[in-house]
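*Asks:* Got a structure for you, questions after.
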Amino acid sequence: MEFGKPEDLHGNIEVRLLSIERAIAQYQFSSEKLKLRFDDKVDQHTSLFIKGFGNEINFLSSFRELFFNSRELLDSLLIKLNTERKGQSIQTSRKFLPFARKLMKGEYDQSGLRIFGFLKINITYIFHIRKIRNEIKNQPANIKFRFVTDHFEAYFRIPIMKDEMELIQFLDIKNKDEALEKMSYHCIYNLDELFPEMLKFWRTCSSILEKDISL
């Protein structure tokens, strides 16, 4: 027996999307409160103002929710594609790295599905959804936050694993040669942009996938 209104019950995908919406609200609330600490130091004439907040726990909590739910959505997407492609000439892996390698080699280009083109264009985005989720899980203290003039940022350095090296050439990151030499690179995210962008990305992704499946 179910309790509650039908509109209060959701599938797994919608629960993840609603959790991302909640992470956005949490971030926006926390950022507005933090701004009050230095509101008198920044105005339209300020050219540069930087204030660090270390591992600000409210930001880290919302950042974690954003990436953990996004990783689950990515896994659900790969499982859905794998299920839909069973028995067809072009099949896909449920695991991200094998899927991404074949995607970037063009092995899915002849499938006729728009979702593959969308994911290919956004390879940097989906690579880092997985990568940053793992970093938050294993090294949460590595994620730090700061305010820069008119926005909050998350900044951290992440390692490159040997099985990821083949994909680095396709990513939109700076100094790829140096990154491969050091087997790590810096990431900086404008949080004011990242949170709403992530929700938009997944809404768009879900819409494209549903249209592909209905063909």
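When you number the sequence shown by my numbering, it's gap-free, plus one each residue, and the end is 199. Even for Gly, the Cβ is constructed at its ideal location relative to N, Cα and C.
1) Taking the beta carbon of K121 as the centre, do at least 16 other beta carbons fall within 10 Å, making it buried, or is it exposed?
2) So A84 is in the alpha helix (DSSP H); what residue range does that whole segment cover?
3) Apart from the five residues on each side of it in sequence, which residues of its chain come closer than 8 Å, Cβ to Cβ, to N232?
4) Would you give the residue range spanned by the beta strand (DSSP E) that N106 belongs to?
5) With three or more beta-carbon pairs closer than 8 Å as the criterion, would you say the stretch 164 to 180 touches the stretch 67 to 75?
6) Run through DSSP, which three-state label would N(-4) get?
7) Below 8 Å, can you find three or more Cβ-Cβ pairs linking the stretch 74 to 84 to the stretch 20 to 31?
8) Quick check: S60 and Y11, are their CB atoms within less than 8 Å of each other?
9) Residues in the same chain with beta-carbon distance under 6 Å from G90, minus the five sequence neighbours each way, listed in chain order, please.
10) From the DSSP secondary-structure annotation, give me the bridge partner or partners of A138.
11) Excluding the 5 residues preceding and the 5 following L57 in the sequence, name in chain order all residues of the same chain whose CB lies nearer than 6 Å to its CB.
12) Which word fits A9, buried or exposed, when buried means at least 16 other C-beta atoms lie within 10 angstroms of its C-beta?
13) For the stretch 136 to 147 against the stretch 91 to 103, do three or more pairs of beta-carbon atoms, one drawn from each stretch, fall closer than 8 Å, so that the two count as touching?
14) Using a Cβ-Cβ cut-off of 8 Å (strictly less than) and excluding sequence neighbours within five positions of N106, which residues of its own chain qualify?
15) Nearest by alpha-carbon distance to S198: which of N118, E(-2), T188 and L97 is it?
16) Looking only at its own chain, which residues have a Cβ that is under 7 Å from the Cβ of I113, when we skip the five neighbours before and after it?
17) Check whether chain D comes within 8 Å of D23, counting only Cβ atoms and requiring the distance to be less than that.
*Replies:* The answer reads as follows:
1) exposed
2) F80 to M88
3) Residue numbering for the chain in the displayed model covers -15 to 199; residue 232 lies beyond these limits and cannot be assessed.
4) First-last for N106: undefined, no H or E at that position.
5) no
6) helix
7) no
8) no
9) none
10) F129 and Y173
11) R0 and W186
12) exposed
13) no
14) F185
15) L97
16) F51, S54, R55 and L58
17) No chain D appears in the structure shown, which is made up of a single protein chain.
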